[in-house]
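Quick note: the sequence shown uses numbering that gives the first Met the number 0, first residue 0, plus one each step.
Notes follow the structure.
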Amino acid sequence: MTLDRDGLEQAIVRHCSPTLVGIKPACLFNVPGDFAPSTATGQRTSRLDAIVGRANARLAGTGVHVRVLARRSCGVLVLVYRPQMLARGLSSSRVAVALNDWGYKTTGPGWLEASLTRLGHRLECRQTHDPDGGFPHEVGLFLGYPYDDVMAFIEHEGRDYLCCGCWKVYSHREQAEACFERYKRCTRDCEEMLGHGATLAQLAVTRVAA
0 MTLDRDGLEQ
10 AIVRHCSPTL
20 VGIKPACLFN
30 VPGDFAPSTA
40 TGQRTSRLDA
50 IVGRANARLA
60 GTGVHVRVLA
70 RRSCGVLVLV
80 YRPQMLARGL
90 SSSRVAVALN
100 DWGYKTTGPG
110 WLEASLTRLG
120 HRLECRQTHD
130 PDGGFPHEVG
140 LFLGYPYDDV
150 MAFIEHEGRD
160 YLCCGCWKVY
170 SHREQAEACF
180 ERYKRCTRDC
190 EEMLGHGATL
200 AQLAVTRVAA
């Protein structure tokens, strides 16, 4: 994608429409390229950070936030999320217990920010030496995937699933497939609205039919 405001907004709509309209707590996508802050010039932010910052300014008051989550050799992972919705899902009983076991906080001041920082660190460390273990499959819980499917994916090492869409499904296949179709319709509708001149902020206050 072209790294400018329009390019980032198009990527957000293409990959994160379900979060924009409030039917999914978070979405994650990769921006290819090296966007590390410049240590030579003493800069603490990259061009991508600046564009993300401007996107957040345009989304102010909508309940949607954009965050550079992790910098990897294949690019930068950008998270689009609704903090209140995400916090509610992560603090539910079974999810909170699992995250606590994996070293995440689910209570206390600033716990969501701390958990996202830890997840980003885990995603970055996975490329080289990860002192915490293998790939952080708990990312599925942050993206709103069903708890049972995330845990079954880990147990079965990604095999023996019933179907595959936004995630690999191990239970409630029909319900998951209906959800996948809803996400597709949502993305199609949002891309059409963006093409007709809608802004990110307008999309973020749009509500779609089930």
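Cβ atoms here follow ideal geometry from the backbone N, Cα and C, with glycine treated the same way.
Report buried or exposed for residue i, applying the criterion of at least 16 other Cβ atoms within 10 angstroms of its Cβ.
| i | result |
| --- | --- |
| Pro108 | exposed |
| Ser16 | buried |
| Gly102 | exposed |
| Ser45 | buried |
| Cys163 | exposed |
| Ala49 | exposed |
| Val30 | buried |
| Gly119 | buried |
| Ala25 | buried |
| Gly157 | exposed |
| Ala59 | exposed |
| Val96 | exposed |
Return the residue from the list the options that minimises the CA-CA distance to residue i.
| i | options | result |
| --- | --- | --- |
| Val51 | Ile11, Val168 and Pro145 | Ile11 |
| Phe28 | Ala49, Val67, Gly60 and Arg53 | Val67 |
| Tyr211 | Gly119, Gln174 and Arg158 | Any property of residue 211 remains undetermined from this structure, which presents the chain solely from 0 to 209. |
| Gly32 | Ala69, Gly60 and Ala54 | Ala69 |
| Ala54 | Tyr169, Arg117, Glu8 and Trp166 | Glu8 |
If you measure between the beta carbons of residue i and residue j, is that distance less than 8 angstroms?
| i | j | result |
| --- | --- | --- |
| Tyr146 | Arg93 | yes |
| Leu199 | Arg57 | yes |
| Thr61 | Ala203 | yes |
| Arg13 | Glu190 | yes |
| Val65 | Val75 | no |
At the level of alpha carbons, what is the spacing between residue i and residue j?
| i | j | result |
| --- | --- | --- |
| Glu123 | Leu47 | 17 angstroms |
| Thr40 | Ser72 | Reliability of the predicted coordinates at Thr40 is poor, the pLDDT of 48 falling under 50, and no value is obtained from them. |
| Arg87 | Arg4 | 30 angstroms |
| Val63 | Phe179 | 21 angstroms |
| Arg181 | Ile22 | 9 angstroms |
| Ser91 | Glu154 | 21 angstroms |
| Gly6 | Arg206 | 24 angstroms |
| Trp110 | Asn99 | 11 angstroms |
| Arg121 | Phe134 | 8 angstroms |
| Pro82 | Ala113 | 13 angstroms |
| Ala177 | Val79 | 22 angstroms |
| Ala151 | Leu142 | 16 angstroms |
| Thr186 | Thr18 | 10 angstroms |
| Leu89 | Thr105 | 7 angstroms |
Which complete alpha helix (DSSP H) runs does the region 66 to 119 hold, if anything under 4 residues is left out? DSSP runs (the alpha helix (DSSP H)) wholly in the region 66 to 119: 82 to 89 and 92 to 100.
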